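Engineer:
Number of protein chains: 2
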Amino acid sequence: MEERWQELVPKFQELLARGDYMAIKRLLSSMEPPDLAEMLDAIPPRTRVLLFRLLPKDLAIEVFEHLEGSTREELLDHFTDGEIAEIIEEMSDDDRTALFDELPAKTVKKLLLKLSPAERDIANELLNYPESSAGRIMTPEFVDLKEYMTAEEAIRRIRQQARKKETIYTCFVIDRERRLLGVVNLEDLIMAEPQTSVRAIMNPDPVCVSTDTDQEEVARIMARYDLHTIPVVDKENRLVGIITFDDIMDVLEEETTEDFERMAGIQPTEEGYLDTNVFTLARKRFMWLTICVLTETITSSVLKEYSLEIQRVVALTYFIPLLIGTGGNAGTQSATLIIRGMTVGEIGWRDLWRVFARETLTGLLLGGALAILAVVRAYMLHTGPDVALIVAFALVVVVLLGNLAGIALPVIAKFFRVDPAVMSGPFIATVVDVCGLIIYFRIARFVLGLS
Amino acid sequence: MEERWQELVPKFQELLARGDYMAIKRLLSSMEPPDLAEMLDAIPPRTRVLLFRLLPKDLAIEVFEHLEGSTREELLDHFTDGEIAEIIEEMSDDDRTALFDELPAKTVKKLLLKLSPAERDIANELLNYPESSAGRIMTPEFVDLKEYMTAEEAIRRIRQQARKKETIYTCFVIDRERRLLGVVNLEDLIMAEPQTSVRAIMNPDPVCVSTDTDQEEVARIMARYDLHTIPVVDKENRLVGIITFDDIMDVLEEETTEDFERMAGIQPTEEGYLDTNVFTLARKRFMWLTICVLTETITSSVLKEYSLEIQRVVALTYFIPLLIGTGGNAGTQSATLIIRGMTVGEIGWRDLWRVFARETLTGLLLGGALAILAVVRAYMLHTGPDVALIVAFALVVVVLLGNLAGIALPVIAKFFRVDPAVMSGPFIATVVDVCGLIIYFRIARFVLGLS
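Going line by line, the protein sequences match chains Y and L. Under our numbering, the first residue of the first sequence carries the number 1, and numbering increases by one thereafter. Under our numbering, the first residue of the second sequence carries the number 1, and numbering increases by one thereafter.
Here you go:
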């Protein structure tokens, strides 16, 4: 995909060659932070440091937050201590936590020392919350109001505080002990008569989360209630931070990627595909492949047990890949439907019976339709009517089995409070391979009267 | 999952039995629209109509937007024409389009007639944009300002218009021809000196989309630039609507579900799993299962061709499921990583060479490690050293093949401008089954000297 910044690179090179720094500054200021970050990630390090230094301070901080991890570390190496201190001091608290989460522990320790005592306390506090919790991604930079203020006073207070706050569109009403009393939108403050009290227009029972709520749950709640900002309270219901929708969009993307990876039998990678070391990537994929290979070894024993039948009716082997492959595919389909349904909250415990009935019916329908294809194929291969019958019957059973395994395994995972997505397609396909093969040869033995 | 509304149901039943409608109204007003909607979806129809009628009008409209399709249609049947007209007249334009998209065409036609001429024009216009386009999900309810206004005048205009607008936090500066000149945030208007002109504080080069931009692209742009609201312009750069972040969260969830379904070889379903008819569901799954079965029939021919080898060395069959299953699993893993990387924009055309190199290396690493397991297994089954060697060598090749097919097929789809996710795991696994089997027997023939 062509990005908006790409056409500007030659322009920057020309301006740098001419030494026209004023023009560079103007051009930089006209760009959006994510585009600037992507451009800086892509250009050579020397130009990068030069251009970054020419950014106005506010913009530099925003751009810094969007840079890739490796670029950030490299820039930090090039900066003076004073420059670094200025950047991390001014970053918003949630973005700083995110930065620290990515940097090596040693670097974080050094950076923490460069912060002012007040900011260092905040940074340490946020870093103490468990990973992926609401506490870890929140920022304490919210506008707080008192319930006895008038709308006019509230707006005055907002104007005074705005520059240092993450958002002013949602403000939080707290008491002396900093307990959350309500939430008031700037829109309502502006629309209200100046003398109206904040108490009269606030929502006294706002949706909120606690510091240990999982970030994925936070995302789901914010999406459900269409919230721009959500308050985070501690165990004593004291307001300690807020989370805004832009952070949640990142969380949603991350969590979705994790679900995709889990369902393909990959342990979630922390960073993007290209940023992950090849050996790490192989390691993340190895576990489930090994589990599948070990499970598949059962198929070897099954086949060895039936080697007599195979030697006598070699045509039985012709349909092994078709049969177990199809069962695995049906299983993957069912698993995906139910796992996604559980993730978005559409399917709950009380729906299980319906899901079971639906998958049984779909399994029989699909198995029946596909069995017809298999019979045609058997006829074409001149296998004789007995093998055709065996394959057709086995296919119906295996597709049904695939469907049922596809729902059973994620449900079992969920029951044990494990993310149902760990029941990956590959694993489900493997389980269906093993059971399908046993069923196939049982049917064969029965029909051929070989036992 | 226990929802917040569930504990309130007995309370409502008690109040209904007592006929205490005032208390019911108070309790209803204290609830959030999504919870109310979910409760109404779950309770019996008679109580539902009763409770819905007791909702204050504003809340009723919001709740109506959150209800499930079937509940909405049923409520519409119970309402008088006047009640219906009031609800759909007052709905925000984007939510009304979404409602109309779900209702049967006949019902929509009837409902359109109940709208005021002004609203009917808007509704018709929005319904004319292509499905899934920015035009179809936008709303024309934005605050428009002129560039010569002062901050004070702008705020006065916002206060006048606010009640009928989707958001007041982002306002749009247009000229006489309604062309978009810039965007100004309420925050900046409030912080500015009252006499500052809008021109001075607006962003004159805002990120915007056009009416035919795909909704998924809109979501990606808004997430990239952390936008709360994005303007939508027509071909003449006239501002025709806006899209807000809450709509985009729904789009993201929908698109993610579609990607999951496609990757499992399911044609995307329009509605949720439980709302989709079983026969429709079977149909959506049938296509890819059939394609896979038809492709798998090639394996039958391959096996038939090598039936001589199989009869002589029956131990060769023991490893067929293990071998092709593992290749398919590796393919699913690679495909997931690259498809997700392309979806989130991390992997582009220029990265292909790197991806190819990485997948080759990972394939060799994983294949090598798994081959050791396979050799141990062959030893346990007393297959003799030649079969063990064949299996080990074939496994490395098949895993490598799986990796390469896993990246090649999505890339080819992307090249032909098809969503790479259509290259589903099941299809990739099937292709790997076929090629893997051929490779296995070629190696066998070579090692055993049977040709």
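We treat Cβ as the ideally placed atom computed from N, Cα and C, and that holds for glycine. Note that the structure is predicted; figures quoted are calculated from it, not measured.
1. Is it the case that the Cβ atoms of L:Leu303 and L:Leu401 are separated by a distance below 9 Å?
2. At what residues does the beta strand (DSSP E) containing Y:Ile243 begin and finish?
3. Given that a residue counts as buried once 16 or more other Cβ atoms are within 10 Å of its Cβ, and exposed if not, what is Y:Ala17?
4. Tell me, please, whether the CB atom of L:Tyr379 is closer than 9 Å to any CB atom in chain Y?
5. Going by the DSSP bridge assignment, what does L:Phe427 pair with across the sheet?
6. Of all Cβ atoms in chain L, is any one closer than 9 Å to the Cβ of Y:Ser307?
7. Suppose you measure from the CA of Y:Gln6 to the CA of Y:Met39; what does that come to, to the nearest Å?
8. What would DSSP say about Y:Asn124, mapped onto helix, strand or coil?
9. Distance, Cα to Cα, L:Met342 vs L:Leu365?
10. Which residue wins for smallest C-alpha separation from Y:Glu147, given the options Y:Thr196, Y:Glu102 and Y:Ala105?
11. Shortest alpha-carbon distance to Y:Ala200 belongs to which of Y:Met149, Y:Arg163 and Y:Ala392?
12. Are any of the Cβ atoms in chain Y nearer than 9 Å to that of L:Glu141?
13. Starting from the beta carbon of L:Val183, find every residue of chain Y whose beta carbon is closer than 7 Å, and list them in chain order.
14. Classify L:Trp288: buried if its beta carbon has 16 or more other beta carbons within 10 angstroms, exposed otherwise.
15. In the DSSP assignment, find the beta strand (DSSP E) that holds Y:Leu67 and state where it starts and stops.
16. If the criterion is Cβ atoms closer than 9 Å, does the pair Y:Gly265 and Y:Phe416 meet it?
17. Does Y:Asn329 come within less than 9 Å of chain L when only Cβ atoms are used?
18. Thinking L:Thr211 and L:Val232 are a contact (beta carbons under 8 Å), I'd like their distance in whole angstroms, please.
19. Can you name the residues that DSSP bridges to L:Pro231?
20. I need the straight-line Cα distance from Y:Thr244 to Y:His228, nearest angstrom please.
21. Let me know the secondary structure DSSP gives L:Gly272 once reduced to three states.
22. Sorted by chain position, which residues of the same chain lie with C-beta nearer than 6 Å to Y:Leu252's C-beta, five sequence neighbours on each side aside?
23. Can you tell me which residues form a DSSP beta bridge with L:Thr290?
24. Does DSSP classify L:Gly265 as helix, strand or coil?
25. Given a threshold of 16 other Cβ atoms within 10 Å of its Cβ, counted over all protein chains shown, does Y:His66 qualify as buried or as exposed?
26. Restricting to runs no shorter than 4 residues, where is the alpha helix (DSSP H) found entirely within the segment 129–157 of chain Y?
27. Buried or exposed for Y:Asn403, going by 16 or more other Cβ atoms inside 10 Å?
28. In whole angstroms, give me the CA-to-CA distance for Y:Glu2 and L:Pro34.
29. Identify the contact partners of L:Lys114 in chain Y, using a Cβ-Cβ distance below 7 Å as the criterion.
30. What does L:Cys171 pair with, by DSSP beta-bridge criteria?
31. If you count every other CB in all the chains shown that lies within 10 Å of the CB of Y:Pro104, and 16 or more means buried, which is it?
32. My guess is that Y:Pro410 and Y:Ile324 are in contact by the Cβ rule of under 8 Å, so how many angstroms apart are they, rounded?
33. I want to verify the contact list: residues of chain L whose CB lies under 9 Å from the CB of Y:Leu448, in sequence order.
34. Using the Cα positions of Y:Thr336 and L:Glu261, report the straight-line distance between them to the nearest angstrom.
35. Could you tell me whether the segment 353–371 of chain L touches the segment 303–313 of chain Y, where touching means 3 or more Cβ pairs closer than 8 Å?
36. Just to confirm before moving on: does the CB-CB distance between L:Thr297 and Y:Arg377 stay below 9 Å?
Structural biologist: The relevant details are as follows:
1. no
2. Counting along the chain, the beta strand (DSSP E) containing Y:Ile243 begins and ends at Leu239 to Thr244.
3. Classification for Y:Ala17: exposed.
4. no
5. The partner list for L:Phe427 (beta bridge, DSSP) is empty, contrary to what the question assumes.
6. yes
7. 7 Å
8. helix
9. 24 Å
10. Y:Thr196
11. It is Y:Met149 whose Cα lies nearest to the Cα of Y:Ala200.
12. no
13. Here the premise fails: no neighbours, minimum Cβ distance about 12 Å.
14. buried
15. It is not in any beta strand (DSSP E) - Y:Leu67 carries neither H nor E in the DSSP assignment.
16. Result no, Cβ atoms of Y:Gly265 and Y:Phe416 do not sit closer than 9 Å.
17. yes
18. 6 Å
19. L:Ile242
20. Whole-angstrom Cα-Cα distance: 6 Å.
21. coil
22. Ala219
23. Partner(s): none; L:Thr290 has no beta bridge.
24. coil
25. Buried, because 16 or more other Cβ atoms sit within 10 Å of the Cβ of Y:His66.
26. 134–137
27. buried
28. Here the model assigns Y:Glu2 a pLDDT of 48, short of 50, so the residue's position is not dependable, and the following value carries that caveat. Y:Glu2 and L:Pro34: Cα-Cα distance of roughly 39 Å.
29. Against chain Y, the beta carbon of L:Lys114 has no neighbour under 7 Å; the closest one sits roughly 27 Å away.
30. L:Val184
31. exposed
32. The pair is not a contact, with the Cβ atoms about 20 Å apart (cut-off 8 Å).
33. Near Y:Leu448 there are no residues of chain L at all, since even the closest Cβ is about 17 Å away, more than 9 Å.
34. When rounded, the distance between both Cα atoms is 7 Å.
35. no
36. Result yes, Cβ atoms of L:Thr297 and Y:Arg377 sit closer than 9 Å.
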